[in-house]
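Trainee: Note that our numbering has the sequence shown beginning at 103, numbered continuously upward. If you scroll down you'll find the structure; I have some questions about it.
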Amino acid sequence: MTDLDIRYTNDYDTACRWRDEGYEPVECAFGQHGSVLGRFALDHHGTESHREGVALRACRDHFGALADAPRFVVTGTPDADAVLAIVALSARVDQSRIPPDFYELVDAHDTDPIGKDLLATPQGLRLAWFNQRPGLYQNEAGFRQAIGHMEDLLNGRVSQAKIDKVHRADLARRNKAAEGVTAIYDGRSIELDVPADAMARPVLRGDLAVGSRPRIAVVHCAVWGFDVWYRLAPVVVSYASRMAKVTVGCPDRDTAERLFGPGGLANVWPSLGKGWGGRETIGGSPRGERLNAGATGQTALALLDLLKA
Ligand SMILES: [Mn+2]
């Protein structure tokens, strides 16, 4: 097997230069600069969102295409999508080790991390094992480590006991996330009870979001839990104590636009104050400014006034 040559950068011009030297960029999106694309156009974020996901195309259409010259330029977090794409393009495992139900799940979870319950299927649990690996840092070593984990997983070198442990750990995270919900408001700012069976409920998106009585959930929580919280309300206001920062989110762009008009949450940032900002579906308080936990309640009430549906 030819040695992998991986180069990591956070700089757009550097990524372009390496691309021109023959390194294939994988998910190399650089904010307002856009994406750096190579021979296989391996990005599907931002301006490239019309394209299919990178692991899906790499596994299905281009397996082994770079096996003789596995040279890649990467940036950001070594997530399952990018890492699986690299493993497939360079044929680091036997093709039979990457069945369609696995790469299709990696793809579905990458584009919509809140809609799929990974604990519900065996392939989902395997992906959850990968996602829970520590050390998936934003640098070359992080990518190399992640590629090693992916190879172990695909080659069946991760025991069932370890996968079961992931199951338990994620159930504990979900419980913690549900316990972190401090209030749920309806459209008239009336506080609703927090249901105990969040994960048994559907994600409140699209028609369900517009028709639901719960409008906004406020959470103070140390763990990531949007997959739980969006089942309780279509708008989530969350407080991160460590950063002293407020985050506002909606489950997807369509839902955000139905609730707040074209542009989704982009409509609300100016009303929340100077420095608030983000994307259509997620954003928050000004970078570098520390807020106290009480700011979440005010933010939720301000958002209730801005709801259009
Ligand atoms: Mn991706």
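For every residue, glycine included, the Cβ atom is placed at its ideal position computed from N, Cα and C. All values reported here derive from a predicted model rather than from experimental measurement.
Are the stretch 371–389 and the stretch 294–304 in contact at 8 angstroms, needing three or more beta carbon pairs?
Mentor: They do not touch, by the three-pair rule.
Trainee: Three-state secondary structure (DSSP) at V370?
Mentor: Reduced to three states, the DSSP call for V370 is coil.
Trainee: Under a three-way DSSP split, which group does Y110 fall into?
Mentor: The answer is strand: DSSP assigns Y110 an E or B state.
Trainee: Hey, out of L106, P127, R228, V260, whose CA is closest to Y84's CA?
Mentor: Residue 84 lies beyond the residue range present for the chain, which begins at 103 and ends at 411; the question has no answer from this structure.
Trainee: Between the Cα of A404 and the Cα atoms of V338, I188, R389, which residue gives the shortest distance?
Mentor: Of the listed residues, the one whose Cα sits closest to A404 is V338.
Trainee: Taking C-alpha atoms, which residue in Y125, T349, G396 lies nearest to A171?
Mentor: With distances taken between Cα atoms, A171 lies closest to Y125.
Trainee: Using the C-alpha atoms, what's the distance from G396 back to H345?
Mentor: A small correction: the amino acid at residue 345 is Met; His does not occupy that position in the sequence shown. Distance between the alpha carbons of M345 and G396 is about 14 angstroms.
Trainee: Count the other CB atoms within 10 Å of the CB of M103; is the residue buried (16 or more) or exposed (fewer)?
Mentor: Exposed: under 16 other Cβ atoms inside 10 Å.
Trainee: Keeping to the same chain, check which residues put their C-beta closer than 7 angstroms to that of R121; ignore five residues upstream and five downstream.
Mentor: If we look at R121 and ignore the five residues flanking it on each side, its Cβ neighbours are P127, V138, G140, V175.
Trainee: Between V268 and W326, how many whole angstroms is the CB-CB distance? I'm expecting something under 8 angstroms.
Mentor: That belief does not hold up - the Cβ atoms of V268 and W326 are roughly 15 angstroms apart, past 8 angstroms.
Trainee: Tell me whether H146, by its Cβ, gets closer than 7 angstroms to a heavy atom of ligand 1.
Mentor: For ligand 1, at least one heavy atom lies less than 7 angstroms from the Cβ of H146.
Trainee: Could you check whether the stretch 200–213 touches the stretch 152–161, counting it as contact only if at least three pairs of C-beta atoms, one from each stretch, sit closer than 8 angstroms?
Mentor: Yes, since at least three Cβ pairs between the stretch 200–213 and the stretch 152–161 fall closer than 8 angstroms, the two stretches touch.
Trainee: From L409 to A358, what does the alpha carbon distance come to, in whole angstroms?
Mentor: Roughly 10 angstroms separates the two Cα atoms.
Trainee: Look at F132 and P180 and say whether their C-beta atoms are less than 8 angstroms apart.
Mentor: Not closer than 8 angstroms, so no.
Trainee: Mark S343 as exposed unless 16 or more other C-beta atoms lie within 10 angstroms of its C-beta, in which case mark it buried.
Mentor: It is exposed - the Cβ of S343 has fewer than 16 other Cβ atoms within 10 Å.
Trainee: How many Å lie between A285 and A319 at the Cα?
Mentor: Distance between the alpha carbons of A285 and A319: 6 angstroms.
Trainee: Ends of the beta strand (DSSP E) at F174?
Mentor: Run containing F174: 173–176, per the beta strand (DSSP E) assignment.
Trainee: Can you tell me whether G282 is buried or exposed? The criterion is at least 16 other CB atoms within 10 Å of its CB, across all chains shown.
Mentor: Buried: at least 16 other Cβ atoms inside 10 Å.
Trainee: I need the straight-line Cα distance from E391 to K347, nearest angstrom please.
Mentor: Spanning the two alpha carbons is a distance of roughly 7 angstroms.
Trainee: From Q134, D354, S314, A263, pick the residue whose C-alpha is nearest to that of D288; which is it?
Mentor: The option with the nearest alpha carbon to D288 is S314.
Trainee: Using the rule of at least 16 other Cβ atoms within 10 Å of the residue's Cβ for burial, across every protein chain shown, is L273 buried or exposed?
Mentor: Counting Cβ neighbours within 10 Å, L273 comes out exposed, since fewer than 16 surround it.
Trainee: Assign S340 to buried or exposed, taking buried as 16 or more other Cβ atoms, counted over all protein chains shown, within 10 Å of its Cβ.
Mentor: With 16 or more Cβ atoms within 10 Å of its Cβ, S340 is classed as buried.
Trainee: Count the other CB atoms within 10 Å of the CB of E123; is the residue buried (16 or more) or exposed (fewer)?
Mentor: It is exposed - the Cβ of E123 has fewer than 16 other Cβ atoms within 10 Å.
Trainee: Give the range of the alpha helix (DSSP H) segment to which P251 is assigned.
Mentor: Going by the sequence as given, residue 251 is His instead of Pro. Taken as a continuous stretch (DSSP letters only), the alpha helix (DSSP H) holding H251 covers 242–256.
Trainee: Is E242 near Y110, with beta carbons less than 8 angstroms apart?
Mentor: For E242 and Y110, yes; Cβs fall inside 8 angstroms.
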